[in-house]
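Protein chains in written order, with the numbering used here: chain A, 1 to 424; chain B, 425 to 571. Backbone N, C-alpha and C fix where the C-beta goes; we use that ideal spot for every residue, glycine too.
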């Protein structure tokens with residue numbers, strides 16, 4: 001890799017051993033993928049994937065201490081994935097004991113480290129950092145050093161920023177050094193689509209199901225999606241952005257997608273159209289039957305497949321303000337139809353602290369509360385990621401949560417029926 | 425006996441028994457329990473991986489296509505190495521993914537006393553040929569002998 005004089009000096013140790021190691025890490029990482037140069041990180045803020053003080057990650061905290069003690073802090077302030085704990089979320093004594101004493105016993109310590117390194121503010125904990133209410137929304141063309149998979153795919157696809165699908169710690173190192181290796185999705189060539197996906201459904205496809213189907217088919221490759229603008233329109237309004245947030249998270253978790261283009265909708269597709277399709281691209285046609293096939297093939301890993309759900313999580317990734325409002329309407333209508341006053345399964349809607357704050361200022365907040373739905377800033381994945389919660393029959397319409405935990409997936413309509421007591 | 429040639433990501437010479445995953449290795453799901461609850465054998469905790477679930481990963485030549493799952497994967501692999509709960513080596517049939525690459529590089533740069541050779545691009549034939557329990561020798565130049 002060709003390095004500037006400044007970066008070569010850092011690599012050679014002129015600014016200390018720790019920063020030299022940071023540079024060496026990023027250079028080696030880039031060389032594996034054929035990077036020929038390092039490029040400056042240009043976004044205003046970074047975003048880190050590791051938000052949890054998991055006891056098992058001791059070596060990570062030691063590494064972060066090395067950065068802090070040597071004065072090599074982040075050159076950008078950053079937001080961070082959601083916190084793993086929130087007392088609003090239904091729990092029990094044993095679960096609380098495990099969370100606080102075994103799993104997340106380093107939470108306070110770790111948040112202290114994040115603050116020293118450059119945490120944006122005490123509420124900057126969400127996977128959907130690009131929401132207006134959170135304020136970490138990169139500009140088109142910005143170079144990022146992010147790692148959270150759902151945020152990376154959103155930033156690349158919907159915002160037109162440029163970021164690889166990095167790992168945790170690499171994200172932080174990029175903003176400590178201020179440079180990242182240029183390869184993959186940072187290059188024009190790497191942003192070309194090697195798959196064309198044709199949507200031929202008879203109704204608007206479920207975002208989480210469509211994303212899952214495409215993710216499992218294309219894995220880490222870039223797709224150019226035709227026919228979705230028929231259902232989403234050609235404007236990136238709140239509804240379209242919310243759809244693409246959930247769709248993208250499913251592509252990234254069910255596969256390893258970092259970028260997709262939607263014909264006539266996402267910025268690069270609007271700008272360059274089918275010129276983004278690489279020569280020899282493969283084709284994947286999605287119709288109603290294909291989505292049904294994908295859905296029916298999800299394994300149910302509950303021990304008792306007929307168990308009555310004990311909890312419902314919505315919001316992985318975190319819900320938008322638009323989603324909280326529309327789901328308030330849906331839950332109210334669902335309860336009215338079943339003649340019930342409260343949801344029949346404990347239900348948690350998760351969103352960024354800033355989004356919840358904005359939601360709480362609207363008249364919808366009291367209405368949602370009256371239905372019995374709980375709102376929280378928690379990370380449902382982190383809540384589920386332990387042996388006790390893993391045994392609970394939890395339902396969700398998040399394909400990411402389904403993929404990484406024992407939670408069982410249902411479509412939005414099915415979830416609504418279940419929580420409002422309308423399911424047979 | 426058969427030999428395969430791959431690309432060296434982290435060099436090293438080692439002999440170990442093969443442990444094969446035909447699906448992607450979900451690093452977080454596979455290692456979390458072992459790191460959390462002090463399992464020195466690093467028993468794979470990923471229920472979605474029938475090839476590896478319940479098997480000891482420490483000291484094995486882990487043969488796999490790529491890693492999958494959470495983008496915390498690289499730091500989890502780094503932690504496994506730091507806590508001496510890593511496989512003897514990682515042998516990828518496909519080009520290495522960015523998460524595994526991050527873990528390999530972090531271990532190589534930041535840990536002084538850990539050797540975990542990592543070889544990628546060994547090809548589909550490698551993963552079709554190798555079976556659990558076979559003896560694997562890894563050379564510095566990326567040549568793998570399976571017997």
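Buried/exposed call for residue i, threshold 16 Cβ in 10 Å
i, result
"residue 425 of chain B", "exposed"
"residue 36 of chain A", "exposed"
"residue 448 of chain B", "buried"
"residue 274 of chain A", "exposed"
"residue 183 of chain A", "buried"
"residue 380 of chain B", "What the structure shows of chain B is the stretch from 425 to 571, and residue 380 of chain B is not part of that stretch, so it cannot be assessed."
"residue 96 of chain A", "exposed"
"residue 474 of chain B", "exposed"
Any non-hydrogen atom of the ligand NAD within 7 Å of residue i CB
i, result
"residue 540 of chain B", "The ligand NAD is absent from the structure shown, which contains no ligands of any kind."
Chain-ordered chain A contacts of residue i [CB-CB under 7 Å]
i, result
"residue 498 of chain B", "167, 168, 169, 170"
Rounded distance between the beta-carbons of residue j and residue i, thought under 8 Å
i, j, result
"residue 159 of chain A", "residue 137 of chain A", "7 Å"
"residue 340 of chain A", "residue 420 of chain A", "6 Å"
"residue 309 of chain A", "residue 418 of chain A", "7 Å"
"residue 316 of chain A", "residue 400 of chain A", "5 Å"
"residue 177 of chain A", "residue 163 of chain A", "Not confirmed; about 15 Å, so no contact."
"residue 551 of chain B", "residue 517 of chain B", "4 Å"
"residue 52 of chain A", "residue 104 of chain A", "6 Å"
"residue 77 of chain A", "residue 45 of chain A", "6 Å"
"residue 478 of chain B", "residue 495 of chain B", "In fact, because the Cβ distance is near 25 Å, the residues do not count as touching under 8 Å."
"residue 432 of chain B", "residue 566 of chain B", "4 Å"
Per-residue contacts from residue i into chain B (C-beta, under 7 Å)
i, result
"residue 63 of chain A", "534"
"residue 382 of chain A", "Neighbours of residue 382 of chain A on chain B: none; closest Cβ ~11 Å, over 7 Å."
"residue 148 of chain A", "495"
"residue 164 of chain A", "522"
Nearest to residue i (by Cα), restricted to the options the options
i, options, result
"residue 492 of chain B", "B/533, B/521, B/547, B/563", "B/521"
"residue 470 of chain B", "B/455, B/459, B/510", "B/455"
"residue 558 of chain B", "B/429, B/439, B/432, B/433", "B/439"
"residue 250 of chain A", "A/192, A/32, A/189, A/148", "A/148"
"residue 167 of chain A", "B/508, B/567, B/502, B/570", "B/502"
"residue 571 of chain B", "B/564, B/459, B/563, B/555", "B/555"
"residue 485 of chain B", "B/514, B/476, B/530, B/467", "B/514"
"residue 223 of chain A", "A/193, A/349, A/48", "A/193"
"residue 379 of chain A", "A/245, A/89, A/61", "A/89"
"residue 323 of chain A", "A/346, A/237, A/404, A/283", "A/237"
"residue 386 of chain A", "A/227, A/73, A/100, A/376", "A/100"
"residue 31 of chain A", "B/489, B/464, B/528", "B/528"
"residue 398 of chain A", "A/355, A/415, A/7", "A/415"
"residue 225 of chain A", "A/395, A/154, A/234, A/263", "A/263"
"residue 197 of chain A", "A/281, A/120, A/272, A/135", "A/281"
"residue 426 of chain A", "A/302, A/228, A/235", "Outside the displayed range of chain A (1 to 424) lies residue 426 of chain A, so it cannot be described from this structure."
"residue 57 of chain A", "B/500, B/483, B/490, B/482", "B/500"
"residue 407 of chain A", "A/423, A/390, A/422", "A/390"
"residue 216 of chain A", "A/140, A/297, A/383", "A/297"
"residue 448 of chain A", "A/6, A/422, A/326, A/381", "Because chain A here runs from 1 to 424, residue 448 of chain A falls outside it and cannot be looked at."
"residue 141 of chain A", "A/6, A/81, A/42", "A/42"
Extent of the continuous beta strand (DSSP E) to which residue i belongs
i, result
"residue 78 of chain A", "78 to 80"
"residue 181 of chain A", "179 to 181"
"residue 419 of chain A", "Residue 419 of chain A -> not in any beta strand (DSSP E); alpha helix (DSSP H) instead, spanning 412 to 419."
"residue 313 of chain A", "311 to 319"
"residue 349 of chain A", "347 to 351"
"residue 439 of chain B", "438 to 444"
"residue 197 of chain A", "193 to 199"
Partner residues on chain B for residue i, Cβ-Cβ distance less than 9 Å
i, result
"residue 138 of chain A", "Under the 9 Å cutoff, chain B gives no residues; its nearest Cβ is about 17 Å from residue 138 of chain A."
"residue 179 of chain A", "Correct list: empty, because the minimum Cβ distance to chain B is about 15 Å."
"residue 103 of chain A", "460"
"residue 404 of chain A", "450, 452, 453, 493, 494"
"residue 350 of chain A", "Within chain B, no residue comes near residue 350 of chain A; the closest Cβ sits about 17 Å away, beyond 9 Å."
Neighbour list for residue i in chain A, Cβ cutoff strictly below 8 Å
i, result
"residue 433 of chain B", "32"
"residue 477 of chain B", "Neighbours of residue 477 of chain B on chain A: none; closest Cβ ~11 Å, over 8 Å."
"residue 507 of chain B", "58, 59"
"residue 521 of chain B", "220, 256"
Range of the contiguous alpha helix (DSSP H) that encloses residue i
i, result
"residue 527 of chain B", "522 to 534"
"residue 32 of chain A", "17 to 32"
"residue 97 of chain A", "93 to 98"
"residue 247 of chain A", "238 to 254"
"residue 59 of chain A", "58 to 69"
"residue 38 of chain A", "Looking at the DSSP string, residue 38 of chain A is not in any alpha helix (DSSP H); the run it does join, the beta strand (DSSP E), is 38 to 40."
"residue 364 of chain A", "364 to 370"
"residue 451 of chain B", "451 to 460"
"residue 404 of chain A", "399 to 404"
"residue 211 of chain A", "207 to 218"
Neighbouring residues, chain B, relative to residue i (Cβ below 8 Å)
i, result
"residue 60 of chain A", "499, 502, 503"
"residue 194 of chain A", "Per Cβ cutoff of 8 Å: no residues; residue 194 of chain A is ~14 Å from chain B at best."
"residue 25 of chain A", "529, 530, 533, 534"
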